[in-house]
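Protein chains: 2
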Amino acid sequence: MAQHNAFYAQSGGVTAVINASACGVIETCRRHSDKIGKVYAGHNGIIGALTEDLIDVSQESDEAIAALRHTPGGAFGSCRYKLKDIETHRAQYERLIEVFKAHDIRYFFYNGGGDSADTCLKVSQLSEKMGYPLTAIHVPKTVDNDLPITDNSPGFGSVAKYIATSTREAALDIASMCATSTKVFVLEVMGRHAGWIAAAGALAGNGEGEPPHLVIFPELPFQRARVMQRVDEAVKKYGYCVIVVSEGARYEDGTFLADAGNTDAFGHRQLGGVAPTLAGMIKQDLGYKYHWAVADYLQRAARHLASRTDVEQAYAVGQKAVELALEGRNAMMPTIKRVSETPYEWRIDAAPLAEVANKEKFMPRDYIREDGFGITEAGRRYLSPLIQGEDFPPFENGLPKVAKLDKVKVPRKLPAFEL
Amino acid sequence: MAQHNAFYAQSGGVTAVINASACGVIETCRRHSDKIGKVYAGHNGIIGALTEDLIDVSQESDEAIAALRHTPGGAFGSCRYKLKDIETHRAQYERLIEVFKAHDIRYFFYNGGGDSADTCLKVSQLSEKMGYPLTAIHVPKTVDNDLPITDNSPGFGSVAKYIATSTREAALDIASMCATSTKVFVLEVMGRHAGWIAAAGALAGNGEGEPPHLVIFPELPFQRARVMQRVDEAVKKYGYCVIVVSEGARYEDGTFLADAGNTDAFGHRQLGGVAPTLAGMIKQDLGYKYHWAVADYLQRAARHLASRTDVEQAYAVGQKAVELALEGRNAMMPTIKRVSETPYEWRIDAAPLAEVANKEKFMPRDYIREDGFGITEAGRRYLSPLIQGEDFPPFENGLPKVAKLDKVKVPRKLPAFEL
């Protein structure tokens with residue numbers, strides 16, 4: 001088997017562990033240097049391939065690559081850019097072939113979520129439809145946990161651990177203050193379409209009265225009166241109320257809570273956060289003093305609190321991607337298979353990309369409690385293993401160390417290309 | 420020296436390490452069981468003393484007390500309640516004496532910030548003005564870092580570490596996305612009157628172009644045009660802009676940014692966050708896509724990322740408080756003395772409460788860069804040692820373990836008392 005080069009790129013919203021997958025891909029390529037020559041990273045995802053904007057990863061030290069394992073964000077730059085169909089936008093695909101030919105790239109690794117899986121699937125057609133010998137493998141990643149077939153998506157477990165931990169910690173804060181001050185705390189979490197992350201907040205407690213007292217899911221219509229009743233009950237019974245709310249919380253008619261017609265001082269429409277909106281309602285309806293937090297990027301960048309399970313799985317799917325490529329299994333995605341629940345065991349499997357792309361996995365209804373404000377035991381059994389274990393990064397001067405890459409660009413060989 | 424009991428309580432906004440001070444007080448009392456009998460914790464601060472709502476700490480195991488060291492929040496309940504003057508509200512002081520007499524309390528430890536120092540100072544007058552033999556010691560605590568004399572306040576270092584770490588992590592996220600998506604990230608941090616916490620965000624980076632690109636302090640008037648110019652420059656030069664903004668950011672006339680006249684769908688005035696307000700301005704003036712986060716309680720409850728320096732100092736001031744009490748030094752507060760900067764060394768000192776109460780320490784102007792958007796080397800030299808070292812809590816099932824106290828109430832001996 002002759003030696004050819006590999007392309008690796010990151011796509012879509014990044015996570016605390018997407019670079020752990022990069023580390024898995026690159027280290028595994030290095031171990032197969034008889035078959036894989038250089039790894040070229042696309043600068044900003046597929047855009048790097050189209051514009052021949054490539055980073056020569058072979059010039060990075062082993063230490064720098066190893067440090068990717070504990071560095072959040074997307075080290076090579078990510079993108080929100082979808083390839084159009086091969087039939088209607090043939091020029092883009094011809095360009096990809098030109099770039100791959102110019103740099104002898106025969107392995108393509110694309111690290112992303114659902115939209116990126118679609119891009120990877122399209123690129124995988126280069127071999128069959130256009131005769132260029134490429135093996136394309138998708139490396140799964142998304143905090144949204146909505147990729148199908150795989151038991152969970154790398155990136156989710158770490159957000160889940162961060163949100164569950166933050167909920168537990170903030171709840172202790174408000175529990176201390178509630179006698180004479182704040183009575184309600186609202187934490188807004190990511191997940192516009194599915195409540196996986198909100199559900200993870202429920203891991204913070206379990207026994208009677210343990211916070212969070214309410215989880216608000218995007219899967220169920222927001223009913224103001226019912227929510228207010230529950231908040232009031234919690235404050236009266238426990239002295240305080242902790243709420244984890246999904247950014248995707250919406251009314252029966254589909255309107256997002258965050259888009260409830262706020263205007264700023266100039267009369268412009270403002271898309272506020274769900275947390276302040278909900279907190280405002282509570283103040284208005286019940287009069288309770290509140291605090292609210294919006295974790296936003298903090299939650300998906302919090303590598304300092306990553307789940308060890310998540311880090312290991314993120315690395316393993318990267319490693320498996322290279323192994324699949326070396327077996328010539330085009331258009332595949334490594335998946336995580338839950339082998340057993342107690343004790344939790346997993347292995348890496350693989351699925352055809354065609355069965356993954358453009359499909360969303362939703363949270364089973366039976367993970368959400370019947371009353372709609374918490375998770376069931378089934379939900380807990382699914383979620384709990386994913387946050388197990390710690391994998392603290394090294395610290396220097398009080399701050400987490402992150403990978404410092406040289407990112408030497410590969411000299412261009414082709415004319416420029418308009419996206 | 421005869422044996423008498425001690426009272427300990429927590430007051431004001433809690434921190435990630437106030438329980439480490441509780442641990443220091445209680446463990447040190449236990450080591451001096453010849454002089455100090457039982458420790459009674461006030462349930463919800465001074466209110467616990469006034470209402471005879473006392474927790475018998477002697478019934479907690481050594482393990483439970485040791486676990487306080489890694490438990491955020493205020494384990495015994497805190498309060499926002501200020502004692503009035505002894506001259507005008509003599510009945511409250513007489514009640515305190517009744518309660519202390521009834522439970523043989525001769526040592527009083529109050530763990531709080533500036534307002535609480537005032538309460539402790541008033542209680543300390545019981546001996547001199549009312550003849551009850553009490554030794555009152557204030558145990559410093561505040562994330563605001565605004566207590567005078569002490570080089571820094573326990574609680575601040577951990578918030579500083581959390582904000583600096585979160586800024587660094589989130590900045591890596593946005594740096595990955597900025598080519599095709601979010602260009603500006605705004606993180607709102609605590610500190611209504613002083614920019615200590617905002618300044619800590621600046622520790623995330625130092626070299627040219629390293630985020631955060633702007634820190635917005637409450638000490639300097641917010642000038643929209645100047646801020647927008649800087650944001651625009653950062654985006655054009657580095658591709659993105661990370662901003663750490665204090666919740667106390669305000670205009671020249673003193674109006675808070677967060678109070679800039681937003682109304683909700685019903686026309687009600689809303690006190691929004693500074694982060695969404697500032698992000699909205701950026702969208703309006705520059706058109707950049709943004710994300711924003713409000714850390715709120717998450718920052719001061721984040722024990723999982725506490726500064727080891729902070730934890731050790733929090734414990735040490737608790738320990739010293741007991742030693743001062745045993746020396747009969749009424750109306751004192753343990754302080755942290757910076758002995759040397761490189762390497763950082765500190766020891767515990769003590770200051771008269773009269774010099775501490777009702778005084779605020781402001782951030783020196785020479786810690787803020789001349790342009791007003793960052794910190795100077797002097798600021799960095801001050802702040803950096805405070806975030807050094809990690810002190811991860813034990814984890815169980817993927818989540819930080821917290822102290823489980825029995826909180827057995829001391830049987831009441833007195834009639835009820837109206838606050």
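Here the protein sequences come in this chain order: Y and F.
Here the numbering used here is used: the first residue of the first sequence is 1, the next is one more, and so on.
Here the numbering used here is used: the first residue of the second sequence is 420, the next is one more, and so on.
Don't be surprised by glycine CBs; every beta carbon is placed ideally from N, CA and C.
Nothing here was measured: the structure is a model prediction, and the numbers come from that model.
If you check the CB distance, M751(F) and L743(F) come in under 8 Å. R488(F) and A735(F) have their C-alpha atoms some 11 Å from each other. With a minimum length of 4 residues, the unbroken runs of alpha helix (DSSP H) contained wholly in the stretch 5–68 of chain Y fall at 18–31, 46–50, 62–67.
Closest option to K708(F), judged by alpha-carbon separation, among P819(F), L697(F), R757(F): L697(F). With 16 or more other CB atoms across the displayed protein chains lying within 10 angstroms of its CB, V311(Y) is buried. The beta carbon of M177(Y) falls within 8 Å of a beta carbon belonging to chain F, placing the residue at that interface. Taking V661(F) as reference, the option from G793(F), K541(F), E547(F), D534(F) with the minimal CA-CA separation is G793(F). Using a Cβ distance threshold of 8 Å, L724(F) and T584(F) count as a contacting pair. The three-state reading of DSSP puts M332(Y) in strand, counting E and B together.
Residue nearest to W765(F) within the set D472(F), G443(F), Y512(F), T728(F) is T728(F) (criterion: CA-CA distance). Its chain contains A403 as the residues whose beta carbon lies nearer than 6 Å to that of A67(Y), once the 5 sequence neighbours on both sides are disregarded; these appear in chain order. Looking only at K82(Y), A202(Y), V245(Y), the smallest Cα-Cα distance to P218(Y) is reached by V245(Y). Exclusion of the five residues before and after Y763(F) leaves P804 as the residues of its chain whose Cβ lies within less than 6 Å of its Cβ. Shown here, H508(F) sits in coil according to DSSP, grouped into three states, outside any helix or strand. A direct Cα-to-Cα measurement between A351(Y) and I149(Y) gives close to 7 Å.
If you ignore the 5 residues before and after P400(Y), its C-beta comes within less than 6 Å of the C-beta of H304, P393, all in its own chain and listed in chain order.
By the rule that beta-carbons nearer than 8 Å mark a contact, I387(Y) touches chain F.
At a cut-off of 8 Å between beta-carbon atoms, K82(Y) makes no contact with chain F. Under DSSP, the beta-bridge partners assigned to G112(Y) are P140(Y). Of all residues in the stretch 145–178 of chain Y, only K161, A164, T165, S166, R168, E169, A170, L172, D173, I174, A175, S176, M177 come within less than 7 Å of chain F when Cβ atoms are compared, listed by chain position. With fewer than 16 other Cβ atoms inside 10 Å of its own Cβ, T761(F) counts as exposed. Using a C-beta cut-off of 8 Å, the stretch 554–563 of chain F makes contact with the stretch 602–616 of chain F, since at least three inter-stretch Cβ pairs fall below that distance. Excluding its 5 nearest sequence neighbours in each direction, P552(F) has C-beta neighbours in its own chain below 8 Å: R525, S546, listed in chain order. Using a CB distance below 8 Å, the part of the stretch 284–301 of chain Y facing chain F consists of Q284, H291, W292, A293, V294, A295, D296, Y297, L298, R300, A301, ordered along the chain.
Measuring C-alpha to C-alpha distances from K161(Y) to each of A202(Y), G191(Y), P140(Y) identifies A202(Y) as the nearest. Taking a Cβ-Cβ cut-off of 9 Å, the neighbours of P819(F) in chain Y comprise T165, R168, E169, given in sequence order.
Residues of chain F with a Cβ closer than 7 Å to the Cβ of C79(Y) are, in chain order, A598, T599. If you check the CB distance, F495(F) and F426(F) do not come in under 8 Å. When Cβ-Cβ separations below 8 Å define contact, V433(F) makes contact with chain Y. Taken through DSSP and simplified to helix, strand or coil, L553(F) comes out as coil. Inclusion of M549(F) and I516(F) in the CB contact set at 8 Å is warranted, their separation being smaller than that value. Taking the Cα of L187(Y) as reference, the smallest distance to any Cα among Q732(F), D768(F), P834(F), V713(F) is reached at V713(F). Counting only Cβ-Cβ distances below 7 Å, L305(Y) has contacts in chain F at H723, in chain order. At least one C-beta of chain Y is nearer than 8 Å to the C-beta of N463(F). Within the stretch 52–82 of chain Y, the residues whose Cβ lies closer than 9 Å to any Cβ of chain F are, in chain order, T71, P72, G73, G74, A75, F76, G77, S78, C79, R80, Y81. Closest option to V654(F), judged by alpha-carbon separation, among T601(F), C498(F), Y500(F), Q732(F): T601(F).
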